[in-house]
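Position 34 of the sequence shown, counting from 1, maps to 215 under the working numbering, and the rest follow consecutively.
All C-beta atoms in this analysis are idealised placements derived from N, C-alpha and C, irrespective of residue type, glycine included.
To start, the structure itself, in structure tokens.
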Amino acid sequence: MLSSKYFSLFDNHIISEKLVIDGVKTTVQTFRDDGERSRMVLLEHDQSNKVVKEIFSFDTGDYAHLFGSADVVPSGNILGSSYPQYVEPMNEDRQYQANIFEVTPKGSIAWRVGVKGLNPWDPDDSLSTFSHSSFDQDHGVSEKINGWVISTVERLYEAPVFSKPCLVAKEVGAGEKDEDQLIIRLFPFNTIRTQGAELPGKVYFYDAASREVFGAGDFSFQRAWLARAVDVPLAPAAAGRPMTVGVENSWGDYRAAMVGPPEGLPWCEEGARGGAAAASARAFYAE
182 MLSSKYFSLF
192 DNHIISEKLV
202 IDGVKTTVQT
212 FRDDGERSRM
222 VLLEHDQSNK
232 VVKEIFSFDT
242 GDYAHLFGSA
252 DVVPSGNILG
262 SSYPQYVEPM
272 NEDRQYQANI
282 FEVTPKGSIA
292 WRVGVKGLNP
302 WDPDDSLSTF
312 SHSSFDQDHG
322 VSEKINGWVI
332 STVERLYEAP
342 VFSKPCLVAK
352 EVGAGEKDED
362 QLIIRLFPFN
372 TIRTQGAELP
382 GKVYFYDAAS
392 REVFGAGDFS
402 FQRAWLARAV
412 DVPLAPAAAG
422 RPMTVGVENS
432 WGDYRAAMVG
442 PPEGLPWCEE
452 GARGGAAAAS
462 ARAFYAE
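Have a look at this one:
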């Protein structure tokens, strides 16, 4: 669960049936016979209309009986893991026992890590295709995985990360804005996905030389790294002054970056509370 609106999952694409084989009750797992393979998936839940729709899918090319992951990272990409049913050492794309993918919202691979290993059935055989699991060919039962496997993959940061700030104007009435009262917006992300809790954070805009603070605010990090905008009003003294932005989490991890005077920052794009510099490629925003 990424939020009340978005959910991520790894679709192994198998079906389970309970059968009696040789007098023994057995759970049989087989892949769906529809030409598709294990996928990284994001779902959008429209609670008011009680509708769930698939908004992202990436075919890993693998047939993974167990495990697998799919999560959104601060860039807006989707990070996940998978593994094949069969390893083909002589096939450049199928020679890996485990895979990690980072995929853009448009479905292109940003990067991939493949883990190679010896044939667990015959370590001296480096050429032959082999099964990655103890698999009953007659009944489709996957008992256990042999060789390397990654159940899930996580990204970690030493300090919070954030988008380049952009500017919004203060709303003073219906359709009216005061562009003399600047508000600075950025998207902060915690060092880890916290899932169960939305932890507090602080943001500061200041002059690094004089330590004068032009604006500060408290906020909550979105627990699963969906984009959540944080808006901070700037004091008039910020005009023409070089600014540094600093973000701190509840553990005291702190990251700062020089952003220059506010006049040099871009105006935020309309809609989705995003900005050109914030994350134009992001497809998923927190509510």
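Spatial distance of residue i from residue j (CA atoms)
i       : j       : result
Gly-455 : Arg-366 : Per-residue confidence for Gly-455 stands at a pLDDT of 38, beneath the threshold of 50, marking its modelled position as unreliable; no derived number is given.
Asp-128 : Leu-446 : It is not possible to answer for residue 128, since the shown part of the chain is limited to 182 through 468.
Arg-409 : Arg-293 : 27 Å
Tyr-244 : Asp-303 : 22 Å
Ala-453 : Met-182 : The predicted model places Ala-453 with a pLDDT of 43, which falls under 50 and marks its position as unreliable, so this point remains unresolved.
Ala-467 : Gln-403 : In this prediction, Ala-467 scores a pLDDT of 41, lower than 50, which makes its location untrustworthy; no coordinate-derived value is stated.
Asn-193 : Arg-218 : 7 Å
Pro-346 : Ile-326 : 46 Å
Gly-396 : Gly-441 : 14 Å
His-320 : Gln-266 : Summary for His-320: the model assigns pLDDT 49, below 50, so the residue's position carries little reliability, and this model does not support an answer.
Ser-344 : Leu-299 : 42 Å
Asp-252 : Arg-374 : 9 Å
Tyr-264 : Gly-288 : 19 Å
Residue i vs residue j beta-carbon contact at 9 Å
i       : j       : result
Lys-234 : Asp-227 : yes
Phe-386 : Leu-415 : yes
Gly-174 : Phe-188 : Limits of the chain in this structure are 182 at one end and 468 at the other, which puts residue 174 out of reach.
Thr-372 : Glu-339 : yes
Gly-328 : Val-268 : yes
Cβ separation of residue i and residue j, assumed to be a contact under 8 Å, to the nearest whole Å
i       : j       : result
Leu-223 : Ile-259 : 7 Å
Gln-278 : His-313 : 6 Å
Pro-443 : Ala-418 : About 11 Å; that fails the 8 Å criterion.
When the options are compared against residue i, the one with the closest alpha-carbon
i       : options                               : result
Val-232 : Lys-287, Glu-393, Asp-252 and Lys-186 : Lys-186
Pro-301 : Trp-292, Tyr-244, Val-330 and Gly-295 : Val-330
Thr-469 : Ser-219, Pro-369 and Val-254          : One cannot answer for residue 469 here, as it falls past the ends of the chain, which runs 182 to 468.
Arg-336 : Lys-297, Ala-405 and Met-182          : Ala-405
Arg-436 : Cys-347, Val-342, Cys-449 and Asn-327 : Val-342
Cys-449 : Ala-251, Ile-364 and Ile-326          : Ile-364
Met-439 : Ala-389, Ala-418 and Thr-333          : Ala-389
Ser-401 : Ala-378, Ile-195 and Ser-391          : Ala-378
Val-411 : Asn-280, Glu-269, Gly-298 and Phe-368 : Phe-368
Ser-238 : Phe-370, Glu-269, Ile-290 and Asn-280 : Ile-290
Leu-380 : Asp-434, Ile-236 and Lys-297          : Asp-434
Cβ-heavy atom distance, residue i to the ligand COA, below 8 Å
i       : result
Cys-347 : No copy of the ligand COA occurs in the structure displayed, which carries no ligand at all.
(message) With three or more beta-carbon pairs closer than 8 Å as the criterion, would you say the stretch 417-437 touches the stretch 270-277?
(response) Taking 8 Å as the limit for Cβ pairs, the verdict is that the stretch 270-277 does not touch the stretch 417-437.
(request) Inspect the CB distances between the stretch 304-311 and the stretch 243-259 and report whether three or more fall short of 8 Å. (result) The stretch 304-311 vs the stretch 243-259: no contact.
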